[in-house]
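First up is the structure itself, then whatever we jot down about it.
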Amino acid sequence: MRGFLRFASIAFIWLGFSFASAAQDAPKFLQFAEEVYAGPHAPVRLATKDDRAFATRLKQAATQPVNFAGHYILATWGCGAECLGGAVIDARSGKVVFLPYSVCCWGEGDPFYYRKDSRLIVFSGVLNEEGPKGAHFFEFRDGTFLHLTSRAKDGTALSGIPKPSK
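The opening position of the sequence shown corresponds to residue 1 in this note's numbering, with each subsequent residue numbered one higher.
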């Protein structure tokens, strides 16, 4: 019995370290730090058909303070029963970039995690209503969302991420 308890203790500790290691590999907001812009906001540039389709929401969001990636305003809106989509607006230029995915089925917590002083954004749930449920980490750099990694709740890596919708 002692041997079994010793083995179980070692296995439990080893599993704990492997999960902690997986969680440590997840990107952190501080790794993508940005200075926060405090100047005047440019008017929203409604350059595309999609921009014009969401003009009211985009114009309303553009009046809000910077909340993402140093000089962007992240705006989200419903796109179904439990689905959110959105866009980011560059406060300095007014340029609009739509999120590459909608997010659904996030469960507990929030569907998006982001900070005004970081280029990192986490989409939490299922992307475009397909693929695995988890935390999907992206860096927003030069107007593009770059997929970094996707993780299950236990920290293990996920695969099978759908292609972006935009």
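Glycine residues also receive a C-beta, built at the ideal position from the N, C-alpha and C atoms. Predicted, not measured: the structure shown is a model, and the values here were computed from it.
Whether residue i touches residue j by CB criterion (9 Å)
i           : j           : result
residue 105 : residue 125 : yes
residue 35  : residue 78  : no
residue 68  : residue 115 : yes
residue 58  : residue 96  : yes
residue 61  : residue 92  : no
residue 84  : residue 66  : no
Distance, residue j Cα to residue i Cα
i           : j           : result
residue 47  : residue 120 : 26 Å
residue 111 : residue 122 : 8 Å
residue 163 : residue 128 : 9 Å
residue 76  : residue 29  : 20 Å
residue 31  : residue 134 : 21 Å
residue 94  : residue 63  : 11 Å
residue 101 : residue 89  : 16 Å
residue 165 : residue 130 : 12 Å
residue 56  : residue 50  : 12 Å
residue 161 : residue 137 : 11 Å
residue 73  : residue 113 : 13 Å
residue 25  : residue 109 : 21 Å
residue 144 : residue 44  : 18 Å
residue 40  : residue 154 : 42 Å
residue 152 : residue 54  : 32 Å
residue 22  : residue 82  : Annotation note: pLDDT 46 at residue 22 (below 50); position unreliable, coordinate value reported separately. One C-alpha to the other measures close to 29 Å.
residue 107 : residue 80  : 15 Å
residue 139 : residue 52  : 26 Å
Whole-number beta carbon distance between residue j and residue i, since they are thought to touch under 8 Å
i           : j           : result
residue 156 : residue 27  : Rounded, the Cβ-Cβ distance is 15 Å, inconsistent with contact.
residue 99  : residue 132 : Going by Cβ atoms, the distance from residue 99 to residue 132 rounds to 18 Å, so no, they are not a contact pair.
residue 38  : residue 118 : In fact, because the Cβ distance is near 16 Å, the residues do not count as touching under 8 Å.
Coil, strand or helix - residue i by DSSP
i          : result
residue 90 : strand
residue 74 : strand
residue 30 : helix
residue 58 : helix
residue 52 : helix
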